[in-house]
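**Student:** Next up is a structure, given as structure tokens.
In our numbering, the protein residues as written are 22 to 554.
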């Protein structure tokens with residue numbers, strides 16, 4: 022069966038769901054008429070097994086949305102509230118990554134050039150400015166490995182302050198900046214009489230919808246300063262390693278190593294001094310904490326100037342202070358005035374970081390990159406372009422509501438139907454392998470690493486994006502799980518390929534760890550699907 026035919030069948034089945042909204046069904050009548058008795062029995066048995074889980078008293082006040090379909094034909098195997106809108110959490114990232122891959126292509130590489138204006142004399146003195154033009158490269162080589170991949174850990178440093186247990190990669194966050202500085206020196210520039218400027222006009226600098234970070238076209242180390250607190254022997258001060266280092270900041274630390282008690286680390290930053298205080302257990306692994314950089318462009322400028330100095334380039338301008346973007350006049354640059362350029366790894370590697378790690382700032386940056394690639398500047402314009410992509414792909418706009426790329430906005434809502442339609446349509450795209458391989462693999466890597474044992478039936482057989490959103494219930498002095506979700510692809514015991522979306526919203530959390538029990542129920546549902554279908 023051709024890919025075109027599969028898509029038509031899938032969309033026809035999806036339309037049947039919409040037209041039958043008032044009916045309570047598991048499999049549409051049209052599918053029933055063409056299905057074998059075996060298919061009917063599978064759906065009946067699966068419904069009985071899944072209903073046993075979702076009808077638990079734990080979910081008395083909660084809402085489930087589930088849609089399981091055959092990946093090849095679109096046949097509906099199980100449907101529960103597939104048209105209803107649910108809080109999606111980070112499964113939202115599946116939409117913006119698909120839109121950007123569709124627009125850029127999986128092999129796209131960001132190129133960050135450096136130009137000069139003015140004149141370079143015979144002594145290598147630049148009587149003018151050196152300008153690094155930010156291209157939207159989200160890593161600037163900071164995750165590059167020798168084999169041409171991007172390094173990542175199970176829990177990314179961007180989650181160090183919230184989830185804990187984060188680890189740092191062994192890669193150098195300043196790889197791209199250092200490479201550009203070497204090229205500038207090799208071009209013959211020995212001294213800069215003017216200024217060093219970051220041209221960050223690619224898109225409008227935007228505070229994330231959640232208010233957690235500023236999104237800019239230049240990003241070094243995810244715009245984070247990493248702190249690694251390493252215990253010594255009892256009574257000794259802990260060692261504090263930090264990166265990327267800059268001489269404009271100073272470190273002050275008083276962290277005592279202890280043999281009993283609990284780890285307790287506080288970090289304060291006033292823009293100049295990093296203060297780390299507290300205590301750490303002697304047998305504790307290193308603790309990672311991060312500081313968010315409030316002005317990424319000015320920080321990148323300082324790091325670039327320090328890299329130039331290490332290469333022996335003398336700079337008369339002060340390396341501290343604000344990025345002097347007001348000095349920029351031209352919006353285009355002469356090719357013969359380019360003195361350096363750094364090229365990123367393929368976009369597919371970025372998508373892998375975003376989906377496997379659920380990387381928030383990079384997911385939101387994609388929205389603005391989508392805008393910039395289409396001659397626009399704002400976050401709202403990027404979201405509209407994402408909507409156009411979905412609508413042109415046959416997904417009804419009213420079947421979802423999105424206000425960001427990451428899945429953290431209060432207004433984000435997605436129906437299981439819209440999610441499955443997305444997962445189906447990308448199968449026919451040239452970038453599908455990059456998209457599919459970027460998903461966390463059950464039990465093996467990303468946000469699904471270690472969640473099931475390698476003896477589990479679904480280990481390695483599910484490629485899916487996860488999502489979690491938790492809020493505080495002050496009235497009842499507890500938490501509430503706004504969303505636990507998972508969407509992706511599965512190969513069952515019989516070899517059948519499936520597309521699935523599972524959402525559970527609004528579950529009271531009486532104690533710490535209850536959300537993990539809910540996640541276990543989702544895994545049990547997947548195991549039942551694996552065994553029965």
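Beta carbons: idealized from backbone N, C-alpha and C, even for Gly.
For residue 208, which option in 385, 141 and 477 has the closest C-alpha, if you only look at C-alpha atoms?
**Tutor:** The sequence position of residue 208 within the chain shown is 187, counting from 1. Nearest C-alpha to residue 208: 141.
**Student:** Applying the criterion that 16 or more other CB atoms from any shown protein chain within 10 Å of the CB defines a buried residue, is residue 228 buried or exposed?
**Tutor:** For the purposes of this step, residue 228 is taken as residue 207 along the chain shown, with counting starting at 1. Residue 228 should be labelled exposed.
**Student:** Enumerate in chain order the residues of its own chain whose CB-to-CB distance from residue 325 is below 8 Å, with the five nearest sequence positions on each side excluded.
**Tutor:** Working through the chain shown from its first residue, we reach residue 325 at position 304. Counting only Cβ-Cβ distances below 8 Å, and skipping sequence neighbours, we find 153, 198, 201, 202, 217 and 219.
**Student:** Would residue 340 pass as a contact of residue 269 if the rule is Cβ separation under 8 Å?
**Tutor:** Locating residue 340 in the chain shown gives position 319, where the first residue counts as 1. Locating residue 269 in the chain shown gives position 248, where the first residue counts as 1. A contact, by the Cβ cut-off of 8 Å.
**Student:** At 3 residues or longer, and completely inside the segment 153-209: list those beta strand (DSSP E) runs for me, N to C.
**Tutor:** Taken in chain order, the complete beta strand (DSSP E) segments of 3 or more residues contained in the segment 153-209 number zero; there are none.
**Student:** Whose C-alpha, out of 468, 479 and 497, is nearest the C-alpha of residue 489?
**Tutor:** Reading the chain shown from its first residue, position 468 is the one you call residue 489. Residue nearest to residue 489 within the set 468, 479 and 497 is 468 (criterion: CA-CA distance).
**Student:** Quick check: residue 546 and residue 528, are their CB atoms within less than 8 Å of each other?
**Tutor:** Sequence index remark: in the chain shown, residue 546 carries index 525 (1-based). Sequence index remark: in the chain shown, residue 528 carries index 507 (1-based). No, the pair does not count as a contact, with Cβ atoms beyond the cut-off.
**Student:** When you compare the CB positions of residue 460 and residue 484, do they come within less than 8 Å of one another, or not?
**Tutor:** Taking the first residue of the chain shown as position 1, residue 460 is located at position 439. Taking the first residue of the chain shown as position 1, residue 484 is located at position 463. Yes, these two residues count as a Cβ contact at 8 Å.
**Student:** Assuming residue 405 is part of the alpha helix (DSSP H), what are its boundary residues?
**Tutor:** Here residue 405 refers to the residue found at position 384 of the chain shown. Segment 400-413, the alpha helix (DSSP H) holding residue 405.
**Student:** Verify whether the separation of the beta carbon atoms of residue 420 and residue 439 is less than 8 Å.
**Tutor:** Here residue 420 refers to the residue found at position 399 when the chain shown is read from its first residue. Here residue 439 refers to the residue found at position 418 when the chain shown is read from its first residue. Taking 8 Å as the Cβ cut-off, residue 420 and residue 439 qualify as a contacting pair.
**Student:** What residues are listed by DSSP as bridge partners for residue 285?
**Tutor:** As a first step, residue 285 is located in the chain shown; it is residue number 264 there, counting from the start. DSSP output for residue 285 lists 300 as bridge partner(s).
**Student:** Hey, is the segment 419-436 in contact with the segment 340-351, meaning 3+ C-beta pairs nearer than 8 Å?
**Tutor:** Not touching, per the Cβ criterion.
**Student:** What do you reckon, are the CB atoms on residue 444 and residue 534 nearer than 8 Å?
**Tutor:** Along the chain shown, one-based indexing puts residue 444 at 423. Along the chain shown, one-based indexing puts residue 534 at 513. Not a contact, by the Cβ cut-off of 8 Å.
**Student:** Could you compute how far the alpha carbon of residue 523 sits from the alpha carbon of residue 84?
**Tutor:** Start at 1 with the first residue of the chain shown, and residue 523 comes out as number 502. Start at 1 with the first residue of the chain shown, and residue 84 comes out as number 63. Each residue's alpha carbon lies about 11 Å from the other.
**Student:** Over what stretch of residues does the beta strand (DSSP E) that includes residue 133 continue unbroken?
**Tutor:** Locating residue 133 in the chain shown gives position 112, counting from the first residue. Element bounds for residue 133: 132-137.
**Student:** Return the Cβ separation of residue 512 and residue 482 in integer angstroms, given the expectation that the two are a contact with Cβ distance under 8 Å.
**Tutor:** Translated into positions along the chain shown, residue 512 becomes position 491. Translated into positions along the chain shown, residue 482 becomes position 461. Correct: roughly 5 Å between the Cβ atoms.
**Student:** Go through its chain and collect everything with a Cβ distance to residue 180's Cβ below 7 Å, but skip five positions before and after it.
**Tutor:** The residue you call residue 180 lines up with position 159 of the chain shown. When the five nearest sequence neighbours on each side are left out, the beta carbons in the same chain lying within less than 7 Å of the beta carbon of residue 180 are those of 187, in order along the chain.
**Student:** For a test of the three-state rule: what should DSSP assign to residue 150, helix, strand or coil?
**Tutor:** Looking up residue 150 in the chain shown gives position 129. In this structure, residue 150 counts as coil in the three-state DSSP scheme.
**Student:** CA-CA distance, residue 39 and residue 127?
**Tutor:** Taking the first residue of the chain shown as position 1, residue 39 is located at position 18. Taking the first residue of the chain shown as position 1, residue 127 is located at position 106. Here the model assigns residue 39 a pLDDT of 39, short of 50, so the residue's position is not dependable, and the following value carries that caveat. In this structure, the CA atom of residue 39 is about 33 Å from the CA atom of residue 127.
**Student:** Does the separation of the CB atoms of residue 71 and residue 514 fall below 8 Å?
**Tutor:** Mapped onto the chain shown, residue 71 falls at position 50. Mapped onto the chain shown, residue 514 falls at position 493. Cβ atoms of residue 71 and residue 514: not closer than 8 Å.
**Student:** Using a 10 Å radius around the Cβ and a threshold of 16 neighbouring Cβ atoms, would you call residue 322 buried or exposed?
**Tutor:** In the chain shown, the residue the question calls residue 322 occupies position 301. Buried: at least 16 other Cβ atoms inside 10 Å.
**Student:** DSSP three-state call for residue 541: helix, strand or coil?
**Tutor:** Numbered from 1 along the chain shown, position 520 holds the residue referred to as residue 541. Helix.
**Student:** Decide if the segment 117-135 is in contact with the segment 354-374; the criterion is three or more beta carbon pairs, one per stretch, under 8 Å apart.
**Tutor:** Yes, the segment 117-135 is in contact with the segment 354-374.
**Student:** DSSP three-state label for residue 290, please.
**Tutor:** Indexing the chain shown from 1 puts residue 290 at position 269. Three-state result, residue 290: strand.
**Student:** Exposed or buried, residue 294, counting other C-beta atoms within 10 Å across all chains shown (16 or more means buried)?
**Tutor:** Here residue 294 corresponds to residue number 273 of the chain shown, with the count starting at 1. Burial call: exposed.
**Student:** CB-CB under 7 Å to residue 475, same chain, minus the five flanking residues each way: which ones, in chain order?
**Tutor:** To locate residue 475, count along the chain shown from 1; it is residue 454. Contacts found: 464.
**Student:** Using DSSP's beta-bridge definition, name the partner residues of residue 86.
**Tutor:** Taking the chain shown and counting its residues from 1, one reaches residue 86 at position 65. BP columns for residue 86 point to 524.
**Student:** Which residues in the same chain have their Cβ closer than 7 Å to the Cβ of residue 224, if we skip the five residues on either side of it in sequence?
**Tutor:** In the chain shown, the residue the question calls residue 224 occupies position 203. 238, 389, 392, 393 and 398, listed in sequence order.
**Student:** Measuring from the CB of residue 223, is there a heavy atom of the ligand GDP at a distance below 7 Å?
**Tutor:** This structure lacks the ligand GDP, and indeed carries no ligand of any kind.
**Student:** First and last residue of the beta strand (DSSP E) that includes residue 510?
**Tutor:** Against the chain shown, residue 510 aligns to sequence position 489. Here the beta strand (DSSP E) through residue 510 covers 499-512.
**Student:** Can you find the residues in the same chain that come closer than 7 Å, C-beta to C-beta, to residue 103, ignoring five residues on each side of it along the sequence?
**Tutor:** Translated into the one-based positions of the chain shown, residue 103 becomes position 82. Excluding residues within five positions, the ones whose Cβ falls inside 7 Å are 38, 86, 88, 436, 437 and 438.
**Student:** Which of the three DSSP states is assigned to residue 278 in this structure?
**Tutor:** Residue mapping note: residue 278 aligns to position 257 of the chain shown, counting from 1. Strand at residue 278.
**Student:** Count the C-beta pairs between the segment 446-460 and the segment 253-262 that are closer than 8 Å, then say yes if the count reaches three, no if not.
**Tutor:** no
**Student:** Which whole-angstrom value is the C-beta distance of residue 247 and residue 264, which I expect to be below 8 Å?
**Tutor:** In the chain shown, residue 247 corresponds to position 226, counting from 1. In the chain shown, residue 264 corresponds to position 243, counting from 1. With 8 Å as the limit, residue 247 and residue 264 qualify as a contact, their Cβ atoms being about 5 Å apart.
**Student:** Apply the 10 Å Cβ neighbour rule to residue 353 and answer buried if 16 or more other Cβ atoms are within range, or exposed otherwise.
**Tutor:** Position 332 of the chain shown holds residue 353. It is exposed - the Cβ of residue 353 has fewer than 16 other Cβ atoms within 10 Å.
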